[in-house]
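Colleague:
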Amino acid sequence: MANRIELQPSGHQFESKAGENILESALEHGVAFPYGCKNGFCGACKAKVSGDYEYQDEYKPQPLTEEELDEGVVICCKAEAKSDLTIEVEVVKGADEIKVHTMPTKVVKMEKLADDVVRLYLKTPDNESMQFLAGQYIEVLMEDGKRRAFSIANAPHNNDAIELHIRLVEGGYFTPHVFNEMTEKEILRIEGPLGGFYLREDSRNDIVMVAGGTGFAPIKGIIEHAIELGMKQTIHLYWGVRGEKDIYLKELAEQWAAEHENINFVPVLSDAAEGWEGRTGYVHEAVFEDFYDLSGRDLYVAGPPVMVNACKEACTQRKLPEKRFYSDSFEIAGKSEGKK
Ligand SMILES: Cc1cc2nc3c(=O)[nH]c(=O)nc-3n(C[C@H](O)[C@H](O)[C@H](O)COP(=O)(O)OP(=O)(O)OC[C@H]3O[C@@H](n4cnc5c(N)ncnc54)[C@H](O)[C@@H]3O)c2cc1C
Ligand code: FES
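Set out below in structure tokens:
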């Protein structure tokens, strides 16, 4: 049997099934309930609960003070609803509300998505977890102090592992290691979540998303999150790559468009082979052709700096308000570090 949970003051409502803790149920429904360890240690998920609940696994809420216990504060990552509940908690609305962590992660799965793109799944330690907003990124920390940024490609409701899409930079410091030497079980130290590129859930504007190459990674996280939230506005996804083989998760994007009538998918090839019947040219040009006026829309752009800068022209050429332009520019870190 499921119990109904309502959060105040946000008004979010969702169901919690038997066997699930309150935090799990919230995250599964795309609700940004605050958390840290997911394991009863840190206290980040504490909230005042009205209704019946029980702690799982004989858990004792050590992070709570006597005063909090008297006030009905509960550790939600360990508590299971036993009746309908009303919970007082401030859901996470912006990146500045999430604590940045450094932690070791284990590569649990590697999958080649294209000749020059690998998908990695990273597992956090059992007693640590990383809350993030759809679209944010992590940095891989190397022993010599160098760091490399990669976007999180999964949505927060599906965070058993952190998913990354890594493109090979020939002659680079880190990515050739991923392609040539990395094996499953390798430990990667990461810091995150980072960045202000995430879905603005409060906006009701139609959305235009532009991905360049592996810029698809954060866009994937954002679209999966928007689907989970049941957002109804139209989402136009443009994915710009060189050739057809570089649309490395084409079936997934086509499936979103087939299953959700508010999602359109437009792949754009800059170096199309003969026989390609879709759009060609640079991806920002395709967007500018299709939208003369972007004044009532939100534009999300992720990928190479040159593409991001070209898309920013939408603010002057296509009436897009600057505050509605959200971008993640994939700068190459090695450029600012000098030669290695
Ligand atoms: C916020 C953010 C998110 C990112 N997310 C992702 C992601 O999800 N997936 C992803 O694949 N990448 C992503 N990147 C880019 C990624 O961080 C870089 O590709 C990374 O630095 C490559 O690491 P490397 O050590 O292999 O190469 P580096 O050692 O950093 O680069 C080696 C050298 O190669 C040169 N170089 C090689 N190829 C190019 C090129 N195409 N353009 C310009 N210079 C080049 C550079 O001059 C550089 O000095 C992101 C970057 C940022 C800032
Ligand atoms: S105690 Fe850390 S998330 Fe619940």
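Going from the sequence shown to the numbering used here is simple: count from 1 and add 2. Positions of the beta carbon are idealized from the N, C-alpha and C atoms, including for glycine. If you're wondering where the values come from, they're calculated on a predicted model, not measured in any experiment.
Expressed to the nearest angstrom, what Euclidean distance is found between the alpha-carbon atoms of residue 189 and residue 178?
Modeller: If you take the alpha carbons of residue 189 and residue 178, they lie about 16 angstroms apart.
Colleague: For the beta strand (DSSP E) holding residue 52, just list the boundary residues, first then last.
Modeller: From DSSP, the beta strand (DSSP E) with residue 52 extends over 48 to 52.
Colleague: Less than 7 angstroms between the C-beta atoms of residue 100 and residue 133, yes or no?
Modeller: Yes, the Cβ-Cβ distance between residue 100 and residue 133 is below 7 angstroms.
Colleague: Check whether the segment 12 to 19 and the segment 53 to 71 touch, using three or more Cβ-Cβ pairs below 8 angstroms as the test.
Modeller: No, the segment 12 to 19 does not touch the segment 53 to 71.
Colleague: Could you check the C-alpha separation between residue 317 and residue 287 for me, to the nearest Å?
Modeller: Each residue's alpha carbon lies about 14 angstroms from the other.
Colleague: Measuring alpha carbon to alpha carbon, tell me which of 104, 49, 43 and 70 ends up nearest residue 144.
Modeller: Considering only alpha carbons, the answer is 104.
Colleague: What is the DSSP secondary structure of residue 167, counted as helix, strand or coil?
Modeller: If DSSP states are grouped into helix, strand and coil, residue 167 belongs with the strands.
Colleague: Considering only C-alpha positions, which residue in the set 186, 274 and 241 is nearest to residue 124?
Modeller: Cα-wise, what sits closest to residue 124 is 186.
Colleague: Using the C-alpha atoms, what's the distance from residue 242 back to residue 113?
Modeller: Rounded to whole angstroms, residue 113 to residue 242 spans 22 angstroms at the Cα level.
Colleague: Tell me whether residue 46 counts as near ligand 2, meaning its Cβ is closer than 6 angstroms to at least one heavy atom of that ligand.
Modeller: Yes, Cβ of residue 46 sits closer than 6 angstroms to a heavy atom of ligand 2.
Colleague: Does the distance from the CB of residue 93 to the CB of residue 212 come in under 7 angstroms?
Modeller: Contact: no.
Colleague: Can you name, in chain order, every residue of its own chain whose Cβ lies under 8 angstroms from the Cβ of residue 4, other than the five neighbours on each side?
Modeller: Same-chain partners within the cutoff: 17, 18, 19 and 20.
Colleague: Shorter than 6 angstroms, the distance from the beta carbon of residue 77 to the closest heavy atom of ligand 2, or not?
Modeller: True, at least one ligand heavy atom lies under 6 angstroms from that Cβ.
Colleague: Determine the direct distance from the alpha carbon of residue 206 to that of residue 96, and round the result to whole angstroms.
Modeller: Roughly 17 angstroms separates the two Cα atoms.
Colleague: So within the segment 116 to 183, which uninterrupted alpha helix (DSSP H) runs reach at least 4 residues, ignoring any that extend past its ends?
Modeller: Within the segment 116 to 183, the complete alpha helix (DSSP H) runs of at least 4 residues are 177 to 182.
Colleague: Between the segment 253 to 267 and the segment 233 to 240, do at least 3 Cβ pairs fall closer than 8 angstroms?
Modeller: Counting Cβ pairs under 8 angstroms, three or more are found: they touch.
Colleague: Does the Cβ of residue 137 lie closer than 6 angstroms to at least one heavy atom of ligand 2?
Modeller: It does not: the Cβ of residue 137 is nowhere closer than 6 angstroms to a heavy atom of ligand 2.
Colleague: Taking Cβ positions, are residue 82 and residue 60 nearer each other than 7 angstroms?
Modeller: No, Cβ-Cβ distance for residue 82 and residue 60 is not below 7 angstroms.
Colleague: Can you tell me whether residue 255 is helix, strand or coil according to DSSP?
Modeller: Three-state result, residue 255: helix.
Colleague: If you measure between the beta carbons of residue 161 and residue 79, is that distance less than 7 angstroms?
Modeller: No, the Cβ-Cβ distance between residue 161 and residue 79 is not below 7 angstroms.
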